[in-house]
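The numbering used here puts the first residue of the sequence shown at 1262, with every later residue one more than the last.
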Amino acid sequence: MSQHALPPRRALRILQWFVRGEYLEEIEGDMEEIFQNLLEEMPEKAARRKYNWEVVRLFRPALVKHVSELLSKTHGIMIRNNLKIAWRSMAKQKGYTAIKLGSFALGVAACLLVALYLQHELRYDRQIPDHERIYRAAFHFQLPDMEGVSAFHSAPFAARAQEDFPEIEQVGRVNISTIHGAGGNNLKAEGMEVSLYEERVVYADPEILQLFQPRVIEGNIRKALAAPNTLVLTESRARKYFPRGNALGGVIYLNGNKEQPWTVSAVVEDVPSHSHLQYDVLLTQVERELWPGEQDAWDSNNYHTYLKLAEGTDPDVFVQKLNRLIDEYMIPTWKQAGYVAEDFPNEAIRYQLMPVADIH
């Protein structure tokens, strides 16, 4: 048998692939010598089989390259080959490629839009400090002819709740009803020639600012809205009505009524889009009555009421205590006014607490 035959090329390539560089040259020489010795002892075919087995036996931790070294070359070659094949296939089938790429682009765009939407939705009202302790009160009612949930409460509910329950750290109301002046209004700053229409006008208690804690640009958040006929503007509206930057203390007239000027008591940052309570102008509710005696009336529901519970308060346990106000004030007033029958069960109306971050 010829002693000039070369070792099997495939086995040699495998050897070069897995053996560490510092050992490769020496091992290649040894394996060449082993192969020639095998040729002297047995037929070439048997010598090749024996050589292959000897290569396999060299797979020992001390001789094998690190995994990253093994993969680097093969990955590069594989990627290049795959790219070549893909490019040739795309070049041959241009129409099919255009459809595939277009579909892929639309799919990616749709996924991004869904991700952005979910990100926006899941951020609602989580910018509010201590949002996990702030709730909007609501009540579930089951009347003879209807059933539902309402988030509107009577005027005295907020004050009575805070007075009777130490679990309530803070409470505040807003009136968003267009029937009672919220919503669309015409505003005119002193010195302006024309009024400007604003859609997002909300009446609010001073405590609302302390509950929601918007960033203050001008003024004091603890004093804003504390005096009658004061208002708060968002930053963009302050620039709109007072372009020279002197909004604090400025005067604004509402719907052309110059007999009742409103004074700007603070300027706050614009409300983010991920807030359920949207406003550009907050008007104080201090000393405001929708009609004589309205602030003591338990039979007229016009306000959204927000409660901040003390740390450690279980809302599910607390709301059961809160139901006492229904039993002591709401139902007796409704019966007296004839809204419900004398035998109407108190259990047909029960309070609920809606976490502020879940309202939207």
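Ideal Cβ positions, reconstructed from N, Cα and C, are used throughout, including at glycine. Quick caveat, the model's predicted, so the values are computed rather than measured.
- Scanning Y1514, I1469 and D1406 for the CA closest to the CA of A1450 turns up Y1514.
- Pairing A1527 with A1485, the inter-Cα distance amounts to about 6 Å.
- Runs of alpha helix (DSSP H) with 4 or more residues, each lying fully within the stretch 1268 to 1303, are found at 1270 to 1279 and 1282 to 1302, listed in chain order.
- D1391 is not a Cβ neighbour of K1519, given a cutoff of 9 Å.
- For L1614, same chain residues with a beta-carbon under 6 Å away, outside a window of 5 residues either side, are Y1396, P1576 and V1580 in chain order.
- Going by C-alpha positions, K1355 is about 20 Å away from N1342.
- With a cut-off of 8 Å on Cβ pairs, the stretch 1399 to 1408 is not in contact with the stretch 1420 to 1428, counting fewer than three such pairs.
- Counting only residues of its own chain and dropping the five nearest sequence neighbours on each side, T1545 has a CB closer than 6 Å to the CB of L1486 and T1491.
- Taken through DSSP and simplified to helix, strand or coil, Y1567 comes out as strand.
- Cβ neighbours of I1437 within its own chain (closer than 6 Å, five residues either side excluded): A1443 and V1463.
- The alpha carbon of F1473 has as its nearest neighbour, out of R1270, R1387, K1361 and K1306, the alpha carbon of R1387.
- One alpha carbon belongs to F1365, the other to L1374, and they sit about 14 Å apart.
- Of the other Cβ atoms in all chains shown, fewer than 16 fall within 10 Å of the Cβ of A1266; this residue is therefore exposed.
- Following the DSSP letters along the chain, one finds F1402 inside the beta strand (DSSP E) bounded by residues I1395 to L1404.
- Counting only the Cα atoms, Y1567 lies some 18 Å from R1585.
- Look at the beta carbons and you see the stretch 1489 to 1508 touching the stretch 1523 to 1543: at least three pairs across the two are nearer than 8 Å.
- By the 16-neighbour rule on beta-carbons within 10 angstroms, P1268 is buried.
- The C-beta separation of Y1564 from R1434 comes to about 4 Å, placing the pair in contact by the 8 Å criterion.
- Considered as a whole, the stretch 1411 to 1457 harbours 1418 to 1425 as its complete alpha helix (DSSP H) runs of no fewer than 4 residues, in chain order.
- Just so you know, the alpha carbons of P1616 and P1533 end up roughly 18 Å apart.
- In the DSSP assignment, no residue is bridged to R1461.
- Assigned with DSSP and collapsed to three states, T1574 falls in coil, not helix or strand.
- For G1409, the secondary structure class from DSSP, reduced to helix, strand or coil, is strand.
- Per DSSP, reduced to three states, the secondary structure at Y1502 is helical.
- By alpha-carbon distance to N1298, the top candidate from S1350, V1432 and E1315 is E1315.
- The C-beta of S1350 has fewer than 16 other C-beta atoms within 10 Å across all chains shown, which makes the residue exposed.
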